[in-house]
Structures are given as C-alpha cells and as structure tokens.
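The C-terminal position of the sequence shown is numbered 473 in our numbering, with every residue numbered one higher than the one before it.
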Amino acid sequence: LRMPFIRINGRADMESSAIFGTIDPSTMTWKPGPAEELARYGGVLCVDEISLLPAGINMSMQYMLEENGKVYLADKPGSSDEKTVTPHEWFRVVATDNTQLQGDTSGRYVGAQVQNEAMLDRFGTTIELTYLSSKHETDLLKSRCTGLDHQVAADMVRFASIVRDMYDKGNVQFTLSPRSLILWGRKVAY
C-alpha cells in the first residue's frame with residue numbers, strides 16, 4: 284500500500300498509552316502514540332492479537348473505529364479540542380485475532396478474552412483466513428527452506444494437514460502452523 288504501518292502486539296498488561304500516547308516524565312511533554320501519529324498523517328494501525336488486550340482498552344478505541352470517528356486522547360493535557368484528532372483520510376485500523384474476538388477457554392490461545400460486542404460491531408469488515416492450499420503451502424515451504432526437496436516439502440504439508448484436522452477435532456493439543464513447517468523444513472534441508 285506504500286503507507287505508514289505500525290503493528291502493536293496485544294498483551295494483557297498493556298495500557299492505553301501504548302496506543303494513544305503518554306506524558307514523557309523526563310520532559311513533561313506529550314509523547315504521541317501510534318494511533319495519534321497515524322491519525323494525523325495517514326497510515327495503518329494494526330492491533331495484532333487484539334483479544335489479548337484488556338476489554339477496557341479495546342473499548343477506548345471505539346470512537347476511532349466509528350464511521351467519521353475521531354481519535355480521543357483522554358490522557359493528554361488540554362481542552363477537549365486539543366485532545367481530539369480528526370483522522371487523515373487514509374487512517375485505517377485493522378486487528379488480527381485467532382479467536383474471532385470470542386476469547387478462548389480451550390487453552391489453545393491462552394489469555395484471549397471475549398470482547399465487548401459494541402467494540403466488535405465497529406469493525407465494518409471481517410476476513411477469515413484459513414491455511415494456504417497444499418500447492419501454495421508447498422511452494423512457500425520450498426521458497427523459505429533452501430535445498431528442501433519438493434516431494435519432502437509436499438509430504439510435510441500433507442502431514443501438517445492431517446495434524447490440523449486432528450487439532451480441529453480436539454484429538455491433539457498442538458497444530459502445525461506455516462511457521463512451524465518452515466522451522467521444520469529448515470532443519471530437514473540442512
């Protein structure tokens with residue numbers, strides 16, 4: 284897209300200052316966070332693994348997720364006008380999550396929390412991605428693992444597909460992600 288892109292990794296101990304900004308204690312001046320910077324100049328704010336964030340922080344993003352919404356900097360000193368940023372036309376917020384923001388009690392995604400329906404409702408588009416086709420995943424594996432034999436790569440992908448099916452049915456506790464396959468493939472290729 285050739286746009287500024289900032290990725291924030293969700294975590295349970297995160298504070299809203301990691302998104303919106305904070306007062307720098309050494310200078311006592313406002314230090315903008317990624318949401319403010321991208322809202323002012325345009326760009327994509329990616330909140331990765333958003334369901335790991337405390338629900339209250341996700342709720343604080345509601346205003347900026349609304350149509351014609353604004354970024355409100357609640358902790359910034361000054362008037363309401365000084366705390367309100369009207370986003371640039373190319374400001375976008377995207378979120379990634381393994382649980383479709385429904386949380387997790389299976390232990391697969393420890394720490395993922397059910398999120399408030401009002402916050403979820405503000406995401407206008409949802410895209411669910413599944414694993415690559417066998418052909419594409421084999422091609423990916425070969426491109427990332429120099430020297431890996433094509434048939435070995437195809438067999439690894441076929442095995443991963445079996446494990447994933449068993450995982451989805453609850454028969455095994457761990458799955459094989461493309462990242463896991465690449466690590467395995469690099470070991471096989473050397």
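The beta-carbon is built from N, C-alpha and C at its ideal position, and this holds for glycine as well.
Query	Result
Opening and closing residue of the alpha helix (DSSP H) in which residue 421 lies	417-427
Start and end residues, beta strand (DSSP E) containing residue 295	Taken as a continuous stretch (DSSP letters only), residue 295 belongs to no beta strand (DSSP E), as it is neither H nor E.
When 412, 341, 432 and 462 are compared against residue 404, the one with the closest alpha-carbon	341
Meets three-Cβ-pair contact criterion under 8 Å: the segment 457-470 and the segment 421-431	yes
Selected residue, minimal CA-CA separation from residue 360, among 399, 328 and 304	304
Length of the line joining the Cα atoms of residue 355 and residue 453	43 Å
Residues that DSSP places opposite residue 328 in a beta bridge	289 and 376
Span separating the alpha-carbon of residue 317 from that of residue 402	19 Å
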